[in-house]
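Protein chains in written order, with my numbering: chain A, 29 to 508; chain B, 29 to 508.
Here's what the structure looks like:
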């Protein structure tokens with residue numbers, strides 16, 4: 029116990045682990061290496077910064093470097109861990125200044141996160157094309173959208189920001205038409221953000237329904253909401269190329285009528301993220317779902333004393349009991365915290381994930397949990413049966429009652445709830461937590477139907493939409 | 029099987045039972061006796077009608093008599109069941125016309141509901157004093173508040189209404205100052221309603237905290253919200269007398285400084301409700317909690333083939349496993365439906381209740397579930413430990429994030445969640461469903477802490493307020 033707890037990556041998982049560890053083991057040392065300048069920022073808040081709803085980039089920081097210092101954590105920014113030697117229990121660190129050194133560890137946490145993928149697209153080579161990769165990207169997008177003479181440099185009020193990149197983008201002519209490539213969370217949230225900034229927005233999605241993970245019912249209502257707010261939604265429209273030379277000029281995409289090109293002067297590519305695992309290449313580390321680092325119920329990898337958490341690691345799925353890779357904020361914070369406790373001597377499970385997620389598109393709210401799509405359910409060995417109902421969010425006579433669609437998915441044999449979605453404009457997203465709880469409790473659909481959920485005219489009708497859905501699905505399960 | 033299924037009472041429980049029975053057993057007969065003219069109305073909507081948020085009284089009706097007819101239900105309004113003979117399996121019915129007859133039954137459901145109590149107060153004898161007893165009371169209150177020349181008789185647009193009472197109240201001078209006696213749901217909702225109608229409102233509550241069933245944290249925030257909206261809240265102020273002679277003149281109440289009298293020209297007494305069980309007096313029926321009719325898990329009373337459901341009956345509490353009396357809308361609808369199925373030949377449990385309830389006071393929302401107060405928990409054999417936290421409803425940087433108070437109550441030995449409350453202005457009430465689900469699944473607080481609840485900046489911070497509360501309570505349970 030002479031060497032420190034070494035953490036690679038100073039975001040949600042890494043700093044949660046380091047903070048918890050310091051509280052539990054105040055006499056022991058923890059070192060956090062971060063290759064960049066940014067720490068502990070709210071990735072999920074970036075669209076709202078770009079939209080202008082969040083005024084300053086600094087609002088998105090949870091912890092400043094000095095606050096981390098005050099916690100007694102030895103934080104080293106500009107330090108990239110480039111190699112791990114599990115036999116020698118050391119990591120090799122390269123600094124931004126070109127130095128290199130070996131750092132021994134007692135325990136190691138790899139919390140290197142994920143990165144936005146660009147698919148086949150050349151984003152770096154084209155001015156006006158972006159991924160929402162990190163805070164520097166968000167700052168650049170924000171600057172690019174602004175009219176050159178109207179850009180407020182105080183927006184990106186964090187010293188870590190890549191100022192040169194911001195200035196370069198601020199100086200370019202402001203865009204008028206934007207293409208968003210990919211209709212997942214990032215795409216939907218960015219569509220809202222760019223409409224909020226006055227752009228003419230086109231959203232391109234490869235398949236028939238936006239937000240594929242949320243199922244059809246959600247995808248359709250979100251598309252309708254986007255259209256109602258001026259977004260042109262192109263479904264079944266795979267993007268083939270970002271057209272341009274140095275500067276983006278257009279988007280080439282396929283569709284029912286063959287290829288066409290839409291002139292645009294801005295593009296956001298949001299086609300997915302990938303776990304950052306390269307650091308462990310050659311160590312014999314086991315990878316799992318999605319190419320993420322395989323971990324056990326305490327966040328341990330197959331390498332001795334090496335843990336992994338956050339967007340680079342797998343976690344156990346509450347429904348299937350199998351490893352899954354779902355890069356989400358709570359998962360990272362929770363796993364980091366648990367590993368911090370475990371390393372400090374209080375073994376703590378990282379907890380299962382249920383794939384609970386929520387998204388907002390203008391006034392539409394949606395949530396999803398568990399196994400929503402038939403294929404995912406079948407792959408996990410279930411025989412899925414699902415029903416979608418539309419029910420009121422409040423008593424019918426109470427103003428503001430709005431149609432809420434609930435989809436429940438059950439396993440035919442056991443009647444167990446295995447997934448669900450909720451979508452609607454009135455308090456719909458937060459209702460997914462009820463389903464997440466039912467699902468983590470292994471409830472059957474009859475048990476869900478018997479839940480004593482709240483009834484009060486301003487918030488819910490006598491039969492909450494979730495109860496209505498359970499009633500209908502039970503009828504189907506009973507062969508009615 | 030030659031005699032009908034007889035139902036006494038045509039509101040939530042009675043008509044749910046009759047409707048379900050007809051669907052399941054279309055060849056058998058069901059007769060519903062209702063002593064009054066009203067059927068199937070939304071009791072919980074009455075404050076919103078009085079407030080004016082609901083425009084027409086007819087909006088509060090779920091089913092019209094003709095819709096009930098169309099379902100093949102033999103509905104007899106103006107028919108009061110005055111006696112039950114369990115040995116002879118008949119009921120005695122008196123009609124509004126003064127006739128009387130014996131009606132044999134195969135099965136009998138007593139769904140006679142409850143009635144507002146007036147405590148020591150003489151409400152009937154004083155113009156301007158009311159309970160929110162039924163739709164006729166709501167119509168009379170609405171008419172009384174209006175200026176005589178401004179009353180719109182179309183508000184009470186239901187033929188069943190006691191028109192003479194409405195007209196008499198409409199003709200009286202409009203009130204300026206109202207006292208509400210009792211700070212439970214009805215009191216809080218009526219305070220909001222009367223402020224909405226422009227009255228100067230005083231709310232009197234016997235003890236220190238409004239909404240006693242919701243615990244202190246909720247009571248305090250709701251009182252603050254009422255005060256911020258112009259309601260004068262008098263706590264620890266038991267009302268001693270409605271002062272007046274023919275017409276209400278004032279409210280005499282006690283307090284720290286002894287008795288005083290406040291001049292008012294309107295009062296709403298909302299001090300509780302009582303189950304209507306008199307019909308079964310002398311039959312040997314067993315009564316239970318709150319003097320309600322004792323029932324088993326299928327809604328059966330101790331009398332053969334006699335069921336009871338709704339506000340007149342007990343139900344089993346999900347936490348204690350013991351009978352409880354909690355007159356709430358979903359309980360009535362659900363039990364009625366289950367009994368309809370059981371009588372039709374498909375035995376169906378009525379389901380446990382968790383005491384889940386929600387209430388709105390202006391912009392403040394609150395929910396409660398399970399055993400909230402220490403005394404109730406101790407009476408049920410638990411050793412309660414509780415914590416209250418205040419946490420943000422959204423990510424801190426997202427506009428609209430509001431302080432949300434969550435109280436969780438657990439049993440010390442087992443760590444089991446036994447109750448909770450949520451209060452705040454931003455989507456707080458509906459969050460109680462997450463706790464209701466956890467509680468009905470017998471989750472421990474550590475299990476609640478590990479729930480994978482949704483995180484999205486517009487709806488919830490990374491650590492949902494419920495997770496924060498679970499984390500803090502776990503610390504307390506661990507002796508931190």
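By construction, the Cβ of each residue, glycine as well, lies at the ideal position given by its N, Cα and C atoms.
Do you know offhand how far residue i's Cα is from residue j's?
i: residue 159/A; j: residue 144/A; result: 7 Å
i: residue 415/B; j: residue 391/A; result: 34 Å
i: residue 127/B; j: residue 376/B; result: 36 Å
i: residue 448/B; j: residue 462/A; result: 15 Å
i: residue 413/B; j: residue 48/A; result: 25 Å
i: residue 90/A; j: residue 41/A; result: 13 Å
i: residue 340/B; j: residue 320/B; result: 5 Å
i: residue 466/B; j: residue 153/A; result: 51 Å
i: residue 442/B; j: residue 472/B; result: 7 Å
i: residue 75/A; j: residue 386/B; result: 33 Å
i: residue 72/B; j: residue 450/B; result: 20 Å
i: residue 468/A; j: residue 218/A; result: 31 Å
i: residue 480/B; j: residue 384/A; result: 6 Å
i: residue 282/A; j: residue 43/A; result: 44 Å
i: residue 249/A; j: residue 274/B; result: 58 Å
i: residue 477/B; j: residue 59/B; result: 50 Å
i: residue 314/A; j: residue 84/A; result: 41 Å
i: residue 87/A; j: residue 285/A; result: 45 Å
i: residue 55/A; j: residue 45/A; result: 16 Å
i: residue 438/B; j: residue 403/B; result: 13 Å
Looking at the unbroken beta strand (DSSP E) that takes in residue i, where does it start and where does it end?
i: residue 323/A; result: Taken as a continuous stretch (DSSP letters only), residue 323/A belongs to no beta strand (DSSP E), as it is neither H nor E.
i: residue 113/B; result: 107-113
i: residue 228/A; result: 228-232
i: residue 120/A; result: 118-123
i: residue 334/A; result: 334-336
i: residue 58/B; result: 58-62
i: residue 512/A; result: For chain A, the structure presents residues 29 to 508; residue 512/A sits outside this window and is missing.
Please name the residue in the options whose C-alpha comes closest to that of residue i.
i: residue 303/B; options: 288/B, 31/B and 360/B; result: 360/B
i: residue 378/B; options: 397/B, 104/B, 196/B and 329/B; result: 329/B
i: residue 80/B; options: 443/A, 491/A and 426/A; result: 426/A
i: residue 23/A; options: 114/A, 123/A, 67/A and 82/A; result: The structure shown does not extend to residue 23/A, since chain A spans only 29 to 508, so no value can be given for it.
i: residue 211/A; options: 198/A, 242/A and 61/A; result: 242/A
i: residue 202/B; options: 73/B, 373/B, 191/B and 170/B; result: 170/B
i: residue 417/B; options: 403/B, 428/B and 435/B; result: 435/B
i: residue 135/B; options: 182/B, 251/B and 334/B; result: 334/B
Do residue j and residue i have their beta-carbon atoms positioned less than 8 Å apart in this structure?
i: residue 366/A; j: residue 327/A; result: yes
i: residue 139/A; j: residue 316/A; result: no
i: residue 239/B; j: residue 206/B; result: no
i: residue 245/B; j: residue 433/B; result: yes
i: residue 114/A; j: residue 331/A; result: yes
i: residue 133/A; j: residue 123/A; result: no
i: residue 396/B; j: residue 460/B; result: yes
i: residue 486/A; j: residue 444/A; result: no
i: residue 271/B; j: residue 389/B; result: no
i: residue 357/B; j: residue 483/A; result: yes
i: residue 151/A; j: residue 299/A; result: no
Quick check on the DSSP output: the alpha helix (DSSP H) that includes residue i runs from which residue to which?
i: residue 209/B; result: Looking at the DSSP string, residue 209/B is not in any alpha helix (DSSP H); the run it does join, the beta strand (DSSP E), is 205-209.
i: residue 358/B; result: 357-371
i: residue 199/A; result: 191-199
i: residue 95/A; result: 93-98
For residue i, return the contacting residues in chain E, with the cut-off set at a CB-CB distance below 9 Å.
i: residue 471/A; result: No chain E is present in this structure, whose protein chains are A and B.
Say the cut is 7 Å; is the CB of residue i nearer than that to a heavy atom of the ligand SAH?
i: residue 278/A; result: No copy of the ligand SAH occurs in the structure displayed, which carries no ligand at all.
Inset, instruction - Please specify which runs of the alpha helix (DSSP H), each continuous and at least 4 residues long, are wholly inside the region 244-305 of chain A, giving them in chain order. - result: none
Legend entry - Every unbroken beta strand (DSSP E) inside the region 374-449 of chain B [3 residues or more]: 385-389, 392-398, 412-420 and 431-439
Inset, instruction - Taking only runs that begin and end inside the region 127-171 of chain B, name each unbroken beta strand (DSSP E) of 3 or more residues, in chain order. - result: 128-132, 135-138, 142-144 and 157-159
Legend entry - Inside the region 448-480 of chain B only - alpha helix (DSSP H) runs reaching at least 4 residues: 460-468 and 473-477
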